[in-house]
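**Q** Every letter in the sequence shown is one number past the one before it in my numbering, and letter 112, counting from 1, is 494.
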Amino acid sequence: MGAKYELRGDVAVITLDNPPVNGLGYDTRRECSAGLDRAIDDAAVRAVVITGGGRAFSGGADIKEFGSPKALAEPNLHSLIRQIENSPKPVVAAINGTCMGGGLELALGMHYRLAAAGVDIALPEVKLGLLPGAGGTQRLPRAVGVETALNMIVSGEAVKSDLLAAVPGQKLLERVAADDVVGAAVQFARDKAAEHAAGKPLPLVRRLEARHRDPDAYFQFARNMVKGMAKNFPAPAKCVDAVAASVGRRFEDGLAHERELFLGLMMSPESKALRHAFFAERAAAKIPDVPEDTPQRKIAKVAVIGAGTMGGGIAMNFLNAGIPVTILEMKQEALDRGLATIRRNYEAQVKKGKLAQEKYEQRMALLAPTLGYDDLKDADLAIEAVFEDMGVKETVFRQLDEVMKPGAILASNTSTLDVDRIAGFTRRPQDVIGMHFFSPANVMKLLEVVRGKATAKDVLATVMALARKIRKTAVVSGVCDGFIGNRMIEQYFRQAGFLLEEGCTPAQVDRAIEKFGFAMGPFRMGDLAGNDIGWAIRKRRYVEQPGLRYSKTADLLCEMGRYGQKTGAGWYDYQPGRRDAIPSPQVEEMIVRQRAAVGIAPRKIDDEEIVQRLVYALVNEGAKIVDEGIASKASDIDMVYLTGYGFPLYRGGPMCYADTQGLFNVVQAMKRFARNPHDDQAFWQPAPLLARLAAEGKSFSA
Ligand code: NAI
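#1: For His818, name the three-state secondary structure that DSSP assigns.
#2: Reducing DSSP to helix, strand and coil, say where Cys414 ends up.
#3: According to the neighbour-count rule (16 or more other Cβ atoms, all chains shown, within 10 Å of its Cβ), is Asp423 buried or exposed?
#4: Cβ-heavy atom distance between Ser797 and the ligand NAI below 7 Å?
#5: Return yes when at least one heavy atom of the ligand NAD lies under 7 Å from the C-beta of Ala689, else no.
#6: Kindly confirm or deny that the stretch 834 to 849 and the stretch 676 to 683 touch, where touching means at least three C-beta pairs closer than 8 Å.
#7: Could you tell me if the beta carbon of Met786 falls within a distance shorter than 7 Å of some heavy atom in the ligand NAI?
#8: Is Cys1038 helix, strand or coil when you go by DSSP?
#9: Does the ligand NAI have a heavy atom nearer than 7 Å to the CB of Gly885?
#10: At a cut-off of 7 Å, would you count Phe660 as near the ligand NAI, judging by its Cβ distance to the nearest heavy atom?
#11: When DSSP labels each residue in this structure, what does Pro523 get in the three-state scheme?
#12: Pick out whichever of Phe898, Asp1018 and Ile535 has its Cα sitting closest to the Cα of Ala659.
#13: With a CB to CB cut of under 6 Å and the five nearest residues on each side skipped, what residues in its chain are close to Ala575?
#14: Taking the straight line between their C-alpha atoms, what separation do you get for Lys741 and Ala747?
#15: Output the distance between the C-alpha atoms of Asn478 and Thr433, rounded to the nearest integer angstrom.
#16: What is the DSSP secondary structure of Pro595, counted as helix, strand or coil?
#17: Any idea which residues DSSP pairs Glu830 with across the strands?
#18: Looking at Thr777 and the ligand NAI, is the gap between the Cβ and the nearest heavy atom below 7 Å?
#19: Determine the closest residue to Phe439 out of Thr844, Val474 and Phe644, with distance taken between C-alpha atoms.
#20: Is there at least one Cβ from chain D nearer than 8 Å to Cys940's Cβ?
#21: Kindly indicate which residue of Ile992, Gly417, Thr796 and Arg521 has the alpha-carbon position closest to the one of Val832.
#22: Taking DSSP's pairing of strands, which residues face Met482 in a bridge?
#23: Can you find a heavy atom of the ligand NAI that lies under 7 Å from the Cβ of Met712?
#24: Terminal residues of the continuous alpha helix (DSSP H) containing Arg657?
#25: Look at Leu939 and Asn913 and say whether their C-beta atoms are less than 8 Å apart.
#26: Within a Cβ cutoff of 8 Å, which residues of the same chain sit near Ala619, ignoring the five residues on either side of it in sequence?
#27: Check whether the Cβ of Glu770 sits closer than 7 Å to any heavy atom of the ligand NAI, and report yes or no.
#28: Could you tell me which residues DSSP puts in a beta bridge with Ala764?
#29: Would you call Val974 buried or exposed, if buried means 16 or more other Cβ atoms sit within 10 Å of its Cβ?
#30: Just the C-alpha distance for Gly518 and Ile669, rounded to the nearest angstrom, thanks.
#31: Might you give, ordered along the chain, the residues of its own chain that have their beta carbon closer than 6 Å to the beta carbon of Arg437, omitting 5 neighbours on each side?
#32: Could you tell me which of Ala978, Gly1004, Lys542 and Asp813 sits nearest to Phe865, measuring between CA atoms?
#33: Within the present structure, is the beta-carbon of Met692 separated from the nearest heavy atom of the ligand NAI by less than 7 Å?
#34: Go ahead and label Met383 buried or exposed: buried means 16 or more other beta carbons lie within 10 angstroms of its beta carbon, across all protein chains shown.
#35: Can you list, in chain order, the residues of its chain whose CB lies under 7 Å from that of Glu872, leaving out five sequence neighbours each side?
#36: Do Gly551 and Val508 have their CB atoms nearer than 8 Å?
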């Protein structure tokens, strides 16, 4: 695996061969380079074509090599491009498929390029908080014009080959070949070899000029635009700077500037966070003891039990993926209500122009409502989303066990109940699994896949693959109260409560954590989700663990009937029909009374303490979750928080953030918090994993 070499008459064809996308890993670069040498040395060869095997030309850097010394080993991408540019024989790119990042930079180093129709071409580095670092920011503007190049580099989005070929004056593509782009490139290379035989120099993109009518005004405008759009990410602005350096400067100077900016971004916490998230997402799909080739069960038809808030959203995920759904309720009116909500959701999308009327109708046609379990018997998967009550779950699972065909998967969407107990209501616990969706289930990316004691490996593998099909990020969790996400968020809310008692207002806490980057602070979040949910959990929790310390403010709030937006009042006041959170004097009085009742003299608390107590509460509980094997790795916890809880992407998730702060410092902060008499001292004992890593000077990611 690397690159293949063949002769087609007097033209050498080098085919990049590193599935799945011909990433430019060490072997591929080395073999491509060797092929080039061989072609140049062979007197019978007059020109070279470089193309990609399979469906891609090249997807760019080989992600398997990221951060390893192999990524930089010679020939590195720069050197390979240089070698191509210096070839005395014409080198022609036959862009047969996806051409991205380093793949495009490689092609830009060749003398000519032909592309197949409809091929995606992109420089997506910005999506990892980087910029193209092998000349892309200097060559692309020279090839397609400054504005087209900047749009591509700042957005990272792909543009079709046909569209690029139509850009006036472009020098990127000689032409788009209707079919057999390699054959066309071979013929083209042969013609060019004859043309250049007389000594006419080979064209190089680096020799072109990048021009703009009014570069100063244009780049200023671009900087302003980018600043507004990407305020927490430095890369887009650096992309503008790099492209600006392609105009009116020597190519080599621009290249040096690109290098400097690239290295700066490589070290930035934002890029580290984005790369971490990129790898964490891939890692989440891998389960240590479930091999990738584990057989999967076929899921052609799905049943959803309960057409409430969650059931409706869950059903939509499958309809969107073209999978038929039968949805069951106990009573006709509940069924009608559920269906009406699904319709309303789709109609809103149609109105906004996000969904074609015809697609809406196709999706609804896949949905079959029913009141009888008999209609579920040919489903391959049933997902239960009925009331959060063990008795109700028991009735449902016993009925499912009766009617579902052998081998069907039985899933529960429970957010707090014991999946092992639920599995025990059936005669097939190996087929039972938790599929914990987040609300709104048709929107939120996260799916916690809860693996029970008895859950079969092929059931797990099937559900993980299915999650990809319905475009969810699936993370496996073991069975415990709250699974990964909610178990951690409970500690976060507990800290938020202590902060109120010790001197904060809800608005102050929310503001601090929102400034940190959370989409929504704990109190606005509580008002949105309904404070009564946590109330119900606390009633149970503090009966089970009577000694556990927590602030009663949230209970008092619920006793006032302030459940949140749905009752028009929660931690904040709300005006009818609006969602703006208005600080409530009544709530502040309640907090003051509560402080007096528990004998706490309020103090001024700064934003740093607020953020650390909230975020490190997540970190410590997260470390316990890894310790206990509920999550198989720390990066899974980051995925849960990035995709399900609005944790800021540019910080990479709580565990990644702790790494960037240094685990030694995190532990030190916890020791400080443990000395606060109004906090829960026991909680702040660092989890064994965290204590060990901090003592060894290591990080979660290592
Ligand atoms: P919901 O109250 O909106 O919907 C439950 C639906 O189940 C109702 O339409 C009800 O008529 C129906 N139902 C009750 N018993 C039934 C039975 N025996 N057979 C068939 N249908 C029955 O509740 P929601 O919020 O949709 O929650 C459902 C499940 O999802 C619960 O287990 C909950 O813990 C879980 N969950 C809820 C989340 C949320 O944010 N609301 C998030 C993640 C999970």
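All C-beta atoms in this analysis are idealised placements derived from N, C-alpha and C, irrespective of residue type, glycine included.
**A** Let me lay it out:
#1: For the purposes of this step, residue 818 is taken as residue 436 along the sequence shown, with counting starting at 1. In this structure, His818 counts as strand in the three-state DSSP scheme.
#2: Reading the sequence shown from its first residue, position 32 is the one you call residue 414. In the structure shown, Cys414 sits in a helix (DSSP, three-state: H, G or I).
#3: Here residue 423 is taken as the residue at index 41 of the sequence shown, counted from 1. Exposed.
#4: As a position in the sequence shown, residue 797 is number 415, starting the count at 1. Checking every heavy atom of the ligand NAI against the Cβ of Ser797, one is found closer than 7 Å.
#5: In terms of ligand content, the structure shown lacks the ligand NAD and carries the ligand NAI instead.
#6: yes
#7: Sequence index remark: in the sequence shown, residue 786 carries index 404 (1-based). Because no heavy atom of the ligand NAI lies under 7 Å away, the Cβ of Met786 does not count as near it: no.
#8: What you label residue 1038 is simply residue 656 of the sequence shown in a count that begins at 1. Three-state DSSP puts Cys1038 in a helix.
#9: Residue 885 sits at position 503 when you count from the first residue of the sequence shown. Checking the Cβ of Gly885 against the ligand NAI gives no.
#10: Here residue 660 refers to the residue found at position 278 of the sequence shown. Not so, every heavy atom of the ligand NAI lies at least 7 Å from the Cβ.
#11: Mapped onto the sequence shown, residue 523 falls at position 141. Three-state DSSP puts Pro523 in a helix.
#12: The residue labelled residue 659 in the question sits at position 277 within the sequence shown. Nearest of Phe898, Asp1018 and Ile535 to Ala659, Cα basis: Asp1018.
#13: Taking the first residue of the sequence shown as 1, we reach residue 575 at position 193. Answer for Ala575: Arg428, Ala429 and Pro472, listed in chain order.
#14: The residue you call residue 741 lines up with position 359 of the sequence shown. The residue you call residue 747 lines up with position 365 of the sequence shown. Approximately 10 Å, taken between the alpha carbons.
#15: Here residue 478 refers to the residue found at position 96 when the sequence shown is read from its first residue. Here residue 433 refers to the residue found at position 51 when the sequence shown is read from its first residue. Looking at the two C-alpha atoms, the distance is approximately 7 Å.
#16: Taking the first residue of the sequence shown as position 1, residue 595 is located at position 213. It should be noted that the sequence gives Arg, not Pro, for residue 595. Coil.
#17: Within the sequence shown, numbered from 1, the residue matching residue 830 stands at position 448. According to DSSP, Glu830 bridges with His818 and Val857.
#18: Along the sequence shown, read from residue 1 onward, the residue named residue 777 stands at position 395. Yes, the beta carbon of Thr777 sits closer than 7 Å to at least one heavy atom of the ligand NAI.
#19: Locating residue 439 in the sequence shown gives position 57, counting from the first residue. Looking at the Cα atoms, Val474 is the closest of the given residues.
#20: Any reference to chain D falls outside this structure, which holds one protein chain only.
#21: Taking the sequence shown and counting its residues from 1, one reaches residue 832 at position 450. That would be Thr796, whose Cα lies nearest to the Cα of Val832.
#22: Locating residue 482 in the sequence shown gives position 100, where the first residue counts as 1. Bridge partners of Met482: Ala504.
#23: Walking along the sequence shown from the start, residue 712 turns up at place 330. Result yes, Cβ under 7 Å from the ligand NAI.
#24: Taking the first residue of the sequence shown as 1, we reach residue 657 at position 275. Per DSSP, Arg657 belongs to the alpha helix (DSSP H) from Pro651 to Ala666.
#25: Start at 1 with the first residue of the sequence shown, and residue 939 comes out as number 557. Start at 1 with the first residue of the sequence shown, and residue 913 comes out as number 531. Yes, the Cβ-Cβ distance between Leu939 and Asn913 is below 8 Å.
#26: As a first step, residue 619 must be located in the sequence shown, where it is residue number 237. Around Ala619: Arg605, Val608, Lys609 and Ala612.
#27: Along the sequence shown, read from residue 1 onward, the residue named residue 770 stands at position 388. Yes, the Cβ of Glu770 comes within 7 Å of a heavy atom of the ligand NAI.
#28: Along the sequence shown, read from residue 1 onward, the residue named residue 764 stands at position 382. DSSP lists Ala685 and Leu792 as partners of Ala764.
#29: Start at 1 with the first residue of the sequence shown, and residue 974 comes out as number 592. With fewer than 16 other Cβ atoms within 10 Å, it is exposed.
#30: As a position in the sequence shown, residue 518 is number 136, starting the count at 1. As a position in the sequence shown, residue 669 is number 287, starting the count at 1. Taking the straight line from one Cα to the other gives about 37 Å.
#31: On the sequence shown, residue 437 is found 55 positions in, with the first residue counted as 1. Counting only Cβ-Cβ distances below 6 Å, and skipping sequence neighbours, we find Gly479.
#32: Sequence index remark: in the sequence shown, residue 865 carries index 483 (1-based). Here the closest residue by C-alpha is Gly1004.
#33: Mapped onto the sequence shown, residue 692 falls at position 310. Result yes, Cβ under 7 Å from the ligand NAI.
#34: Numbered from 1 along the sequence shown, position 1 holds the residue referred to as residue 383. Result: exposed.
#35: Taking the first residue of the sequence shown as 1, we reach residue 872 at position 490. Closer than 7 Å at the Cβ level, and outside the excluded window around Glu872, lie Gly864.
#36: One-based indexing of the sequence shown puts residue 551 at position 169. One-based indexing of the sequence shown puts residue 508 at position 126. For Gly551 and Val508, no; Cβs fall outside 8 Å.
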